[in-house]
Amino acid sequence: MRVLGIETSCDETAAAVVESDGRVLSDVVHTQVELHSRYGGIVPELASRDHLRFILPVVTRALEEAQTERDQIDGIAITSQPGLTGALLVGAQFAQGLAWAMQKPVVAVDHLTGHLLAAFLRYPNAVGYEPPEFPFVGLLCSGGHTALYRVEGFGLDQIFELGATRDDAAGEAFDKVAKLLGLGYPGGPIVDKLAREGDPQAINLSRPMKAKASLEFSFSGLKAEVARYVQQHGVPGDEPRLRDLCAAFQHAVVNSLVSKSVRAAVKEEVRTLVLCGGVAANRGLREAAALATSEAGLKLLIPPFAACTDNAAMIAFAGSQKLLLGQNDSGNLRVSPRTALLRVTRKGSGPRQVTSK
């Protein structure tokens, strides 16, 4: 089965053609980073308008690069949730209209499911990469989401949240700290680069959510700690102290992500940990996860860089699994800012009841 995937949940207009075995035939992404960088974050209205401008040329290019005619497409997959409502509506309406014109089925895909299943994508240049076997534990870590899941299959009813952030997502914390330090947007890659040149022990920052029994995360306190440091000492500027602060911050975030991910895999008695989402492109996280999983006797799988950030290939693959089951959401597409995955972690502070499996 050959599927056209379309992704417009946030600030990337993306389209891809993927076969149901995960083989990626094309993967086109138009990014809005330059558009939003002057504001230090995403402006929803501008994002929606940019999707309107570029969705047709992006889809056209994806079909051309895949050397695929419209009548060779077996179905369309579109991100329906979570995301910016206006941005999601652009993609959903375009996909519905295209499906009607082509007389093809269209299915709605949850963006988070797409990230978790991105590990099954087979890129032409990813020689030797083997997708995971079920079940596995997935750490989904991006600008808007940070959570651990037990993944037992392709369906929504086979993906179970083990713990998520109570406040900021890890990627959001990276962006906000970068803004505090005057590093620009997006902040994650800049902080990662500077952290590699700094000493994580030079500045003492607390490790967030240290409770051993908990698989939940919290990064707002760490972000506030960096803000207090800047208030007391000023913005470090282009000097070693800036690199040390970035290194200390990244070390605290990565330590929390990796330790809880390994703990989750051991607790769930699975042998594979999958990293996914935009923060999975962070080199510090990749290196720390590789070391920790090796020591714990676990297998670590990280999709290629292109599959970590928002893309349409993951949406096409996740949609292909629904299409193989004969599902069709044509005429019934709905968008939502919230995920369809069941959330067990509640937002905010306060004591939690720790439950064991």
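According to this note's numbering, the sequence shown holds residues 281 to 637 in order. Yeah, the Cβ is synthetic: ideal placement off N, Cα and C, and Gly gets one too. These numbers were taken from a predicted model, which means no experiment stands behind them.
Query: If you follow the alpha helix (DSSP H) that residue 501 is in, where does it begin and where does it stop?; Result: 500-513
Query: Any beta carbon from chain C within less than 9 Å of residue 430's own beta carbon?; Result: No chain C appears in the structure shown, which is made up of a single protein chain.
Query: DSSP three-state call for residue 463: helix, strand or coil?; Result: coil
Query: Would you list the one or two residues that DSSP bridges to residue 307?; Result: 296
Query: Nearest CA to the CA of residue 415: which residue from 423, 439, 424 and 392?; Result: 439
Query: Just tell me which of 566, 294 and 298 has its CA closest to the CA of residue 312.; Result: 294
Query: Report, in whole angstroms, the separation of the C-beta atoms of residue 460 and residue 507, which I expect to be a contact under 8 Å.; Result: 6 Å
Query: For residue 557, which residues of its own chain have a beta-carbon under 6 Å away from its beta-carbon, when the five flanking residues on both sides are left out?; Result: 395, 420, 421 and 422
Query: Report yes or no: do three or more beta-carbon pairs, one from the segment 509-526 and one from the segment 546-561, lie closer than 8 Å?; Result: no
Query: Could you tell me whether the segment 584-594 touches the segment 372-386, where touching means 3 or more Cβ pairs closer than 8 Å?; Result: no
Query: In this structure, does DSSP put residue 595 in helix, strand or coil?; Result: helix
Query: Rounded to the nearest angstrom, how far is the Cβ of residue 486 from that of residue 505, given a contact under 8 Å?; Result: 6 Å
Query: Specify the secondary structure class of residue 290 as computed by DSSP and reduced to three states.; Result: coil
Query: Which same chain residues, not among the five before or five after residue 341, have their C-beta less than 7 Å away from its C-beta?; Result: 308
Query: Quick check on this structure: which residue in 509, 435, 292 and 348 has the alpha carbon closest to the alpha carbon of residue 284?; Result: 348
Query: With distances taken from CA atoms, which of 356, 424 and 584 is nearest residue 566?; Result: 584
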